[in-house]
Ligand code: ATP
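Quick look at the structure:
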């Protein structure tokens, strides 16, 4: 279980996040919705230890305090991030990208086992193992990014706007793949603009407005909520 408790982040005088508490259990998908600049990316970065701001509050994973750990130690504890824009190495092959994902101590010793697990999750990555990532479609590159994060053998996978730039059809495939990750017993926490498709596969969700978590509910209830429909689902 990943637990962010009362997390506040300041960039200079600006409070990007205030008193945010969010949790994700293994085997569930949780979506964070909110307008541009609400503080969503900041929350994911604070959890992963890569936030440039001053972070207060606590982040725990299965009881271990991650708050003051270096980013690579946080990956060692089992928390992986797929950043916005994917962060793949475009000039390297699929296989090389996956190998680079296994640098953490928790993954290094079992690289072959983990690689087989990632290949069985995403068979296309095995077929394309020697392809240079730059030559792949956006959807395929996103699969490489998720595969690379999975190579660190995480218990919780976090993703910042994974469907950005993908067609509706490719987004559907992406969310289907994230459901497969959840079905392995991994917790998935994602920030998404595509509220409809992400809530469609999610278990729960949070709304962030102006640096505050203002609402938490099951995905089903959020989809039925008139305020959510008006703000995020294009109804109203
Ligand atoms: P978007 O959907 O546009 O990505 P977001 O909800 O992810 O938005 P954040 O990226 O978390 O928003 O940013 C929250 C606020 O903090 C914004 O006002 C942003 O300008 C500010 N901010 C983010 N990163 C920094 C930084 N490194 N230095 C200063 N201010 C920052």
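In our numbering, the protein residues as written are 25 to 260. Idealized CB from N, CA, C, for every residue including glycine.
Cβ neighbours of residue 204 within its own chain (closer than 8 angstroms, five residues either side excluded): 145.
For residue 196, the shortest C-beta to heavy atom distance toward the ligand ATP is 7 angstroms or greater. By DSSP's assignment, residue 82 forms a beta bridge with 29. Between residue 179 and the set 84, 164, 244 and 151, the nearest pair of CA atoms involves 84. In the same chain as residue 242, and ignoring 5 residues on each side of it, the C-beta atoms closer than 6 angstroms to its own belong to 228, in chain order. Within the chosen limit of 7 angstroms, the ligand ATP does not reach the beta carbon of residue 72 with any heavy atom. Following the DSSP letters along the chain, one finds residue 140 inside the alpha helix (DSSP H) bounded by residues 135–145. For the pair of segments examined, the segment 203–219 was found not to touch the segment 33–41: the number of CB pairs separated by less than 8 angstroms stays below three. Here DSSP, grouped into helix, strand and coil, assigns residue 184 to strand.
Rounded to whole angstroms, residue 88 and residue 48 show a C-alpha spacing of 14 angstroms. Counting C-beta atoms within 10 angstroms of its own C-beta, residue 64 has 16 or more neighbours from the protein chains shown and is therefore classed as buried. Ranked by Cα distance from residue 214, the first of 97, 44 and 53 is 53.
For residue 244, the closest of 111, 67, 254 and 225 by C-alpha to C-alpha distance is 225. DSSP places residue 230 in the uninterrupted beta strand (DSSP E) bounded by 228–233.
Placement of the Cβ of residue 65 at a distance of less than 7 angstroms from at least one heavy atom of the ligand ATP is found. Counting only residues of its own chain and dropping the five nearest sequence neighbours on each side, residue 209 has a CB closer than 7 angstroms to the CB of 50 and 51. Note: residue 89 is bridge-paired with 84 in the DSSP secondary-structure output.
A Cβ-Cβ separation of about 6 angstroms places residue 231 in contact with residue 58 under the 8 angstroms criterion.
Distances from the alpha-carbon of residue 95 to those of 149, 250, 55 and 176 put 176 closest.
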